[in-house]
Amino acid sequence: GRAYQDIADFENARRLYAVSQQMVNDSDPLNGRILVGLAQIELAVGGEGFEDRAHTLFSRAAKEHPMGEAYLDALIGRAHVEAMMGRVTDAVDHFRVAIAQMLDVTPAWDPRRREVTEKIASHVDRSLDLEQYDDALDYISLLLPMYDGGKALPPQTLRQFAALHEFIGATRMARADSMDPMTRPGQGAPPERARQNAYLDAAHHYGRSAEY
């Protein structure tokens with residue numbers, strides 16, 4: 003079944019996964035691998051409701067087989083689908099758990115480390131396109147533990163960090179420009195001080211962008 007999945011013959015892959023499921027108990031760790039395979043096929047094939055179906059399968063694999071070898075793949079898949087569905091808080095939380103698990107149990111050359119990096123990078127790009135900069139920052143910050151606290155980030159991630167801080171700097175700059183120095187923005191600092199702080203915030207993010 004896995005071999006058919008790898009060559010994109012999803013009909014035969016599903017058929018053999020179904021046969022396999024009938025031959026094992028639900029509690030068998032092998033069923034976790036089957037559930038993950040079926041979820042990955044849902045993502046590959048698409049169609050109406052595919053995200054919900056994939057999420058259900060990944061979630062079952064993670065919940066029912068926490069000690070199985072498919073657990074890490076289930077965590078990664080669940081987080082990825084949640085990000086696709088716009089469930090940012092859930093996605094960030096589950097990516098964080100998956101990364102912690104991965105750093106704990108896999109060697110540095112494990113291909114899933116690159117897979118997670120690429121998946122998170124795609125969600126950073128999507129958030130940037132939607133001008134959801136806080137979400138993009140939440141996603142990209144997940145990668146720091148994987149790369150020596152940010153000291154060994156790959157070039158793509160460096161570019162994304164630079165772009166993200168530049169965009170945030172631009173929004174802070176526009177906010178500062180729009181502030182009337184004679185109008186107090188509610189309780190707090192005097193209007194001119196608030197405007198100055200907004201410019202300083204913009205300068206901070208431009209500086210971070212330049213560093214990356």
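Per the working numbering, residue 3 is the first one in the sequence shown, and the count goes up by one each step.
Idealized CB from N, CA, C, for every residue including glycine.
#1: Rounded to whole angstroms, what's the CA-CA distance from ASN33 to ALA85? Just pull it up for me.
#2: What number of angstroms, rounded off, separates the C-alpha of ARG177 from the C-alpha of ALA200?
#3: Give every residue of the same chain whose Cβ lies closer than 7 Å to the Cβ of GLN162, excluding the five residues on either side of it in the sequence, and list them in chain order.
#4: Taking Cβ to Cβ, would you say GLN7 is nearer than 7 Å to ALA15?
#5: How many angstroms separate the CA atom of ALA205 from the CA atom of GLY171?
#6: Return the CA-CA distance between PHE60 and LEU77, expressed in angstroms with no decimal places.
#7: Here's the rule I'm using: 16 or more other beta-carbon atoms within 10 Å means buried, otherwise exposed. How should ALA10 be labelled?
#8: Measuring only the C-alpha atoms, how far is LEU132 from ASP140?
#9: Per DSSP, what kind of secondary structure is ILE170 in: helix, strand or coil?
#10: Kindly indicate which three-state DSSP category MET181 falls into: helix, strand or coil?
#11: Looking only at C-alpha atoms, which of THR173, ASP203 and MET69 sits nearest to LEU130?
#12: For VAL215, which three-state DSSP category applies?
Taking the definition as stated:
#1: The alpha-carbon atoms of ASN33 and ALA85 are separated by roughly 25 Å.
#2: The straight-line gap separating the alpha-carbon atoms of ARG177 and ALA200 is approximately 7 Å.
#3: Here the set comprises ALA123, VAL126 and ILE142.
#4: In contact: GLN7 and ALA15 (Cβ atoms closer than 7 Å).
#5: Approximately 7 Å, taken between the alpha carbons.
#6: Whole-angstrom Cα-Cα distance: 7 Å.
#7: Counting Cβ neighbours within 10 Å, ALA10 comes out exposed, since fewer than 16 surround it.
#8: Rounded to the nearest angstrom, the two C-alpha atoms are 14 Å apart.
#9: Here ILE170 sits in helix by DSSP.
#10: Coil, per DSSP.
#11: Ranking THR173, ASP203 and MET69 by Cα distance to LEU130 puts THR173 first.
#12: Since the first residue shown for the chain is 3 and the last is 214, residue 215 is missing from the structure and cannot be characterised.
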